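Data first, discussion second: the structure below is written as structure tokens.
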Amino acid sequence: MKNYSVAVVGATGAVGNEMIKVLEQRRFPVGKLTLLASERSAGKTLTFRGESLPVQVLGENSFTGVQIGLFSAGGSISEKFAPIAARAGCVVVDNTSAFRMAPDIPLVVPEVNPEAIAKYTTRGIIANPNCSTIQMVVALKPIHDTARIKRIVVSTYQAVSGTGKKAIEELTLQTRALMNDEPPVVKVYPHQIAFNCLPHIDVFLENGYTKEEMKMVNETKKIMNDPAIAVTATTVRVPVFYAHSESVNIETEKKITADEVRSLLATAPGVKVVDSPREKVYPLAIDAAGGDDTLVGRIREDESIPNGINMWIVADNIRKGAALNAVQIAEHLINGYL
Ligand code: A2P
Numbered sequence: 002m003k004n005y006s007v008a009v010v011g012a013t014g015a016v017g018n019e020m021i022k023v024l025e026q027r028r029f030p031v032g033k034l035t036l037l038a039s040e041r042s043a044g045k046t047l048t049f050r051g052e053s054l055p056v057q058v059l060g061e062n063s064f065t066g067v068q069i070g071l072f073s074a075g076g077s078i079s080e081k082f083a084p085i086a087a088r089a090g091c092v093v094v095d096n097t098s099a100f101r102m103a104p105d106i107p108l109v110v111p112e113v114n115p116e117a118i119a120k121y122t123t124r125g126i127i128a129n130p131n132c133s134t135i136q137m138v139v140a141l142k143p144i145h146d147t148a149r150i151k152r153i154v155v156s157t158y159q160a161v162s163g164t165g166k167k168a169i170e171e172l173t174l175q176t177r178a179l180m181n182d183e184p185p186v187v188k189v190y191p192h193q194i195a196f197n198c199l200p201h202i203d204v205f206l207e208n209g210y211t212k213e214e215m216k217m218v219n220e221t222k223k224i225m226n227d228p229a230i231a232v233t234a235t236t237v238r239v240p241v242f243y244a245h246s247e248s249v250n251i252e253t254e255k256k257i258t259a260d261e262v263r264s265l266l267a268t269a270p271g272v273k274v275v276d277s278p279r280e281k282v283y284p285l286a287i288d289a290a291g292g293d294d295t296l297v298g299r300i301r302e303d304e305s306i307p308n309g310i311n312m313w314i315v316a317d318n319i320r321k322g323a324a325l326n327a328v329q330i331a332e333h334l335i336n337g338y339l
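Heads up: the sequence shown runs through residues 2 to 339, numbered per the working numbering.
Encoded structure:
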């Protein structure tokens, strides 16, 4: 079997750590693994397949001989270094929002639009979508194919790990402080996140939405290859460590019943139907965390309109929402293109 030289950019971060883990767990054929981060991480080591590897400082020459680069070190790092890597012959799978909406860059969820990967040759970059968008389209694609979704109304309940390691630490420290009657230190988010919900993810835009909300709107249309789907989103940060939950309401062109949705999703790739409310069984963040499946439950007909469905969609934002989706894209690359 052919082996590939792989680099993880942002290897010391929450997503980068998980990328290393997923490469190992899925037995990705890695020949050489290069771990890249900032000067702050110089001298650190990380473990891959039981071997301790040094973290190197990201630089312009980091990509010589590297075939696949998994990037998760922030948008500005990708903007600068993804084209440098591509020029060196490395195919970049970029987890940031830097290139997602560029018309000549594929935006891929392997269960939904694997065929889009073919377009990577134009710029040598494939974009990994926003975490909340990924889990939603994995669950909605089979319904769209059957009944054509006209409109999506989504509200998210997003875990702090999506913001990175500092946010995971902030929730821990604030929780501990408040439980000990001490004042919480607020650094990462504009307000206290422990025991709170913040209807504010990423920056506010002119139209009153946040950038995170508009990512869900625009990326959904691009991945589903259907600009006609109307999407409106409210994205909320909640005091959960891992896994995003979403309340999703859809309106379809063709009538589809809750039972039909359940049976469609029962065979959908990457989806697990968890929907026995009488037994108190429905998707939970603590069950999705650490796993690969997108859990879907609370499937019911929206009685306020003729063709509507409500559901609750939960997935590990660091795995399916980021690292796992990126590695799955890399798997398609090596199986079909490299
Ligand atoms: P470092 O640990 O050296 O700061 P998270 O999303 O969990 O905060 O992680 C962000 C990741 O991006 C980390 O691996 C971080 O490395 C990396 N990173 C941030 N800034 C840079 C930079 N200027 N050059 C290279 N890597 C960076």
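Backbone N, C-alpha and C fix where the C-beta goes; we use that ideal spot for every residue, glycine too.
Bear in mind the structure is a predicted one, so any value in this text is a computation, not a measurement.
- As the crow flies, the alpha-carbon of L108 is around 20 Å from that of I85.
- A direct Cα-to-Cα measurement between K255 and R50 gives close to 49 Å.
- For the 9 Å CB-CB criterion, I135 and L141 do not form a contact.
- In the three-state scheme derived from DSSP, where H, G and I count as helix and E and B as strand, H245 is classed as strand.
- In the DSSP assignment, E302 falls within the unbroken beta strand (DSSP E) covering 295-302.
- L296 is a Cβ neighbour of I314, given a cutoff of 9 Å.
- Around the beta carbon of P185, 16 or more other beta carbons sit within 10 angstroms, so the residue counts as buried.
- By the beta-carbon neighbour count (other beta carbons within 10 angstroms, threshold 16), P130 is buried.
- Contact between the stretch 148-164 and the stretch 118-126 is not established, with fewer than three Cβ pairs separated by less than 8 Å.
- With contacts defined by Cβ atoms closer than 9 Å, D317 and G298 do not form a contacting pair.
- Judged by the Cβ position, E40 qualifies as a neighbour of the ligand A2P at the 8 Å threshold, a heavy atom of the ligand being closer than this.
- Going by DSSP, D95 is part of the beta strand (DSSP E) stretching over 92-95.
- Annotation: V56 to E332 spans about 24 Å, alpha carbon to alpha carbon.
- Relative to the ligand A2P, even the nearest heavy atom lies 8 Å or more away from the CB of L141.
- Annotation: the continuous alpha helix (DSSP H) that includes F82 extends over 76-88.
- Annotated three-state conformation of T253 is strand, per DSSP.
- Segment contact: the stretch 164-178 against the stretch 217-232, fewer than three CB-CB distances shorter than 8 Å; contact not assigned.
- Where S156 is concerned, the enclosing beta strand (DSSP E) starts and stops at 150-159.
- Short note on K22: C-beta not closer than 8 Å to any heavy atom of the ligand A2P.
- The alpha-carbon of V239 is positioned some 7 Å away from that of N197.
- No heavy atom of the ligand A2P is found nearer than 8 Å to the CB of V7.
- A contact between stretches requires three or more CB pairs, one per stretch, nearer than 8 Å, and the stretch 30-38 meets this requirement with the stretch 63-81.
- CA-CA distance, I287 to F242, rounds to 9 Å.
- Its Cα nearest to that of N96, the residue G14 stands out among G14, T46, G66, I202.
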